[in-house]
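The structure under discussion appears below in the form of structure tokens.
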């Protein structure tokens, strides 16, 4: 393990990914972020699941070397994962830099992290290479154009597995073709309050998208945050996929806006009560589970978006959704905590950043 | 109805009974108040339940006249109840000046209210005359000595029904004898939290006391407030009754202190969490039911008593338990509100008196 690794992780834990600083760029606060991901594999190598340790090592070395050689990755950090303790892997999952599935992998693997954590490249997850670019708000074209440049540069260094008429070959058939997955993270508190969210999301899935919690497949939904992404890539162009996600995000935004308007006109007092109580609890609780804090932060975020609360910065709320996660709290305290210790530390951190008068504070 | 009556009620609604200002005199905050009550009847008249309107009128007039004649009642206010709208009677019940049973009576009846509402005399409730004196904290002897003087003076003006060897005759046999009932209002939040309250109160009732909610028989318990009083009066002296209530109050205080100590040592964080959250909700909610506000005020009171919260005045909390009652809110708004309007007004009033930083404020 490189000597600077723990130091790097520690530094990361004190700040949030740079794209999050612009998390209020979507004016109604519904689309929080967009991420695009490409799945790539090296010609002449077995997919990771069928490769032995020597082959995985070889793929990792080849990819490390290629990444070092290309200009877009000049300032990125290469992090080997093989001997990383599980708590550090959990930390990377909480940062959305590696997938939950990747945190379980024990063989040679790694992740390359770009400046500000906007870009990440997983090596030897389900595919040899998975590139990901994130940005705040609805930013399909912006993130895609950045990632396309990285992918093009990397493709000149590495022999990508590609076969006509399919396209890029991937370990799982659902990624064959462009290998592109576009995800938007959407905040739908009003649709949850009006109990319409299930019907709206069911309708969306009929249009070829899938919906998950914040941490990918199988993860539960906290804080009314839903990750919506395209279901298949085969036979579709990148532009087509980007376009369809854009349309679904627009549809969800419209439904959420409508639900907010309904709440405002039909249950304004109850809505304001919920929002103010949530802020009151965040600024007073001594014990907060992750589920409760995410739900309270969600209500406060809605309050800011709807103009019920002022003086609360959205980016500070979003920071807290990252910094209050279990492994983040462990890093802050310098050891692996038990869950009741975390609940206490989480409440303390939230209180230090959200003051009782309703404003967010920048001191700790 | 005397012309000044509505004005008097309106003035009362803006302040609280004067004894409440000393409601923090009991240092651990467990015994909130003591009230002593005497039941008296006039010789030669049927008990109210068996008297016709003319006889009730006669009893009322005789009592009015006697009260006007004696020095201890010089500054008291005589309030006829017969034509008083039910919302005004509810208001008097909320002030503990008349009983819930009395608010249902339609014939000639009245109440005499002493300065600061420490003394009240109901005429033509179950008995012809019921005298009551209240004071903050454990104050059996103090309240008894005041009431005894009033009773003596009144007894010189009116022919009390009295027969040896029973003592004072009353409508219900349980009041025969001294006609004395001593009640203490106790705040037992820790015993409720540790689920010991039922067992402790059951034990107390075996010792000849009865336990009720704040508003007398059949009323439900809000805010962990219990009214404990002697069950019978026959064959017992006043000193005996006072003494036994004092002992029961001491016993309950000990149990409550023990429960507080247990919570402090075994669940301090959860306790502090509950207390701070309660304050957070009181200072932020936009809708508060009476049940919720009483329970939140109870937790905050406990927090002050246990030194978890500072800067919150107990007497301000106790004021709110009076001022947030339904008829008090109606008077504040000048009309009979529906319950959702009250819940909103209650939250507004509480917020104006409890500020977000934890302190109580004196402005409105």
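Protein chains in written order, with the numbering used here: chain A, 1 to 364; chain B, 1001 to 1364.
Ideal Cβ placement from N, Cα and C applies to all residues, glycine included.
Computed from a prediction, not measured in an experiment: that's the story for all the values here.
Outcome for residue i when other beta-carbon atoms lying within 10 angstroms are tallied against a minimum of 16
i, result
"residue 89/A", "buried"
"residue 1202/B", "exposed"
"residue 1050/B", "exposed"
"residue 362/A", "Confidence is the limiting factor: at residue 362/A the pLDDT is only 46, short of 50, which leaves the residue's position unreliable, though a coordinate-based value still follows. Per the 10 Å Cβ criterion, exposed."
"residue 17/A", "buried"
"residue 172/A", "exposed"
"residue 338/A", "exposed"
"residue 238/A", "buried"
"residue 261/A", "exposed"
"residue 1085/B", "exposed"
"residue 1026/B", "buried"
"residue 325/A", "buried"
"residue 1108/B", "buried"
"residue 310/A", "exposed"
"residue 1110/B", "buried"
"residue 65/A", "exposed"
"residue 247/A", "exposed"
"residue 963/B", "One cannot answer for residue 963/B here, as it falls past the ends of chain B, which runs 1001 to 1364."
Residues near residue i in its chain [Cβ-Cβ closer than 7 Å; skip 5 each side]
i, result
"residue 1167/B", "1176, 1177, 1178"
"residue 1008/B", "1077"
"residue 1308/B", "1272, 1275"
"residue 1031/B", "1137, 1138, 1184, 1186, 1249, 1253"
Spatially closest choice to residue i from the options, by CA coordinates
i, options, result
"residue 157/A", "70/A, 49/A, 354/A, 306/A", "70/A"
"residue 227/A", "171/A, 238/A, 209/A, 120/A", "209/A"
"residue 1293/B", "1345/B, 1106/B, 1008/B, 1075/B", "1345/B"
"residue 269/A", "1340/B, 1232/B, 1073/B, 1077/B", "1340/B"
"residue 204/A", "124/A, 280/A, 244/A, 223/A", "244/A"
"residue 63/A", "106/A, 105/A, 153/A", "153/A"
"residue 1045/B", "1085/B, 1162/B, 1011/B, 1032/B", "1162/B"
"residue 1351/B", "1335/B, 1336/B, 1310/B, 1296/B", "1296/B"
"residue 355/A", "160/A, 322/A, 312/A", "312/A"
"residue 980/B", "1038/B, 1299/B, 1026/B", "Only positions 1001 to 1364 of chain B appear in the structure, and residue 980/B is not among them; the question remains open."
"residue 1249/B", "1173/B, 1151/B, 1281/B, 1200/B", "1200/B"
"residue 347/A", "223/A, 184/A, 164/A, 286/A", "286/A"
"residue 1011/B", "1353/B, 1323/B, 1343/B", "1323/B"
"residue 320/A", "336/A, 138/A, 283/A", "283/A"
"residue 1336/B", "1123/B, 1091/B, 1034/B, 1136/B", "1091/B"
"residue 288/A", "349/A, 242/A, 236/A, 267/A", "349/A"
"residue 1194/B", "1165/B, 1267/B, 1280/B, 1006/B", "1267/B"
"residue 106/A", "87/A, 81/A, 123/A", "81/A"
"residue 184/A", "151/A, 102/A, 251/A, 164/A", "251/A"
"residue 136/A", "87/A, 34/A, 246/A, 14/A", "34/A"
"residue 1221/B", "1291/B, 1241/B, 1131/B, 1087/B", "1291/B"
Close Cβ partners of residue i (< 6 Å) along its chain, the five nearest in sequence each way excluded
i, result
"residue 36/A", "133, 143, 144, 147, 182"
"residue 271/A", "263"
"residue 1197/B", "1188, 1191"
"residue 364/A", "Residue confidence is low: residue 364/A scores 36 on pLDDT, short of 50, so the model does not pin down where it sits. No coordinate-derived value is stated."
"residue 67/A", "73, 112"
Which residues DSSP lists as bridging residue i, in chain order
i, result
"residue 202/A", "BP columns for residue 202/A are empty, so no partner."
"residue 1135/B", "1034/B"
"residue 1177/B", "1168/B"
"residue 1119/B", "1133/B"
"residue 226/A", "186/A"
"residue 1158/B", "Answer by DSSP bridge pairing: none, since residue 1158/B is not bridged."
"residue 42/A", "160/A"
"residue 1079/B", "1111/B"
Interface flag, residue i vs chain E, CB-CB below 8 Å
i, result
"residue 287/A", "No chain E is present in this structure, whose protein chains are A and B."
Cβ neighbours of residue i in the same chain (closer than 8 Å, five flanking residues each side left out)
i, result
"residue 41/A", "47, 127, 128, 129, 160, 161, 168, 169, 170, 171"
"residue 232/A", "174, 177, 208"
Counting beta carbon pairs with one atom in the segment 1180-1192 of chain B and one in the segment 1255-1262 of chain B, are three or more of them shorter than 8 Å?
yes
At least three beta-carbon pairs within less than 8 Å, the segment 114-122 of chain A to the segment 94-101 of chain A
yes
Could you tell me whether the segment 1323-1331 of chain B touches the segment 1052-1066 of chain B, using the rule of 3 or more Cβ pairs below 8 Å?
no
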